[in-house]
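Participant: A single structure is presented below for examination.
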Amino acid sequence: MSFLTKLLTVLVALEFFYIMYLETFATTSKSTSRVFNIPQKELHSSYLNTLFKNQGIYNGLLGVGLIYSIFSPTASLEISRIILIYIICVAIYGSVSSDKKIIFTQGGLAIITLITTFF
């Protein structure tokens with residue numbers, strides 16, 4: 001795995017750790033409201049709060065998987081590619097079902113990173 005790919009993989013992982021932080025720990029913050037385009041008042045809903053926290057854990061685990069893939073002595077490239085492809089698929093689904101910007105905001109860096117794994 002090239003240095004560029006490792007660097008970009010770390011950046012994607014950090015992006016997902018940030019999403020986890022917003023969804024799990026800063027659920028009702030102004031930043032969370034701005035990033036997810038949800039009025040701050042709605043973020044106080046216990047139902048939405050629970051959904052966000054569960055989704056935050058998922059996003060954090062994607063970040064952990066990407067970090068693990070960098071330091072894994074075997075199959076690091078394959079692990080990275082699988083997780084990146086999964087992230088891109090989720091971004092495509094979110095883009096189709098929710099907001100077209102998601103393909104760029106959530107999937108853009110992952111797409112670039114995946115491309116670098118082939119060089």
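Position 87 of the sequence shown, counted from 1, bears residue number 87 in this note's numbering, the numbering being contiguous throughout. Glycine included, each C-beta is placed from N, C-alpha and C at the ideal position.
1. With DSSP collapsed to three states, give me the class of Lys6.
2. With DSSP as the reference, label Gly107 as helix, strand or coil.
3. What does the alpha-carbon distance come out to for the pair Glu199 and Lys6?
4. With contact counted as at least three CB pairs below 8 Å, one residue from each stretch, are the stretch 43-63 and the stretch 4-21 in contact?
5. Alpha carbon to alpha carbon, how far is Gly56 from Ser45? Give it in angstroms, no decimals.
6. Taking just the CA atoms, how far does Gly108 sit from Arg163?
7. On a CA-only basis, which of Glu15, Val12 and Phe36 is nearest Lys100? Give me that one, please.
8. Short check: CB of Ser80 to CB of Ser98, under 7 Å?
9. Quick check: the Cα distance between Leu84 and Leu48, rounded to an integer number of angstroms?
10. Which class does Ala75 belong to by DSSP, given the choice of helix, strand or coil?
11. Give me the Cβ distance between Val12 and Thr105, rounded to the nearest whole Å; I'm assuming they're in contact under 8 Å.
Facilitator: Quick look at the numbers:
1. Residue numbering aside, residue 6 sits at position 6 when the sequence shown is read from its first letter. DSSP places Lys6 in helix when its eight states are reduced to three.
2. Taking the first residue of the sequence shown as position 1, residue 107 is located at position 107. Correct three-state label for Gly107: coil.
3. This structure cannot speak to residue 199, because the chain is shown only from 1 to 119.
4. Taking a contact to require three or more Cβ pairs closer than 8 Å, the stretch 43-63 and the stretch 4-21 qualify as touching.
5. Along the sequence shown, one-based indexing puts residue 45 at 45. Along the sequence shown, one-based indexing puts residue 56 at 56. When rounded, the distance between both Cα atoms is 16 Å.
6. No statement about residue 163 is possible, as the shown extent of the chain runs from 1 to 119 and does not include it.
7. Within the sequence shown, numbered from 1, the residue matching residue 100 stands at position 100. Residue Phe36 is the option with its Cα nearest to Lys100.
8. Reading the sequence shown from its first residue, position 80 is the one you call residue 80. Reading the sequence shown from its first residue, position 98 is the one you call residue 98. No; because the gap between Cβ atoms is not below 7 Å, this pair is not in contact.
9. As a working note, residue 84 is residue 84 in the sequence shown. As a working note, residue 48 is residue 48 in the sequence shown. Taking the straight line from one Cα to the other gives about 27 Å.
10. Walking along the sequence shown from the start, residue 75 turns up at place 75. Coil, per DSSP.
11. As a working note, residue 12 is residue 12 in the sequence shown. As a working note, residue 105 is residue 105 in the sequence shown. About 12 Å separates the two Cβ atoms, so there is no contact after all.
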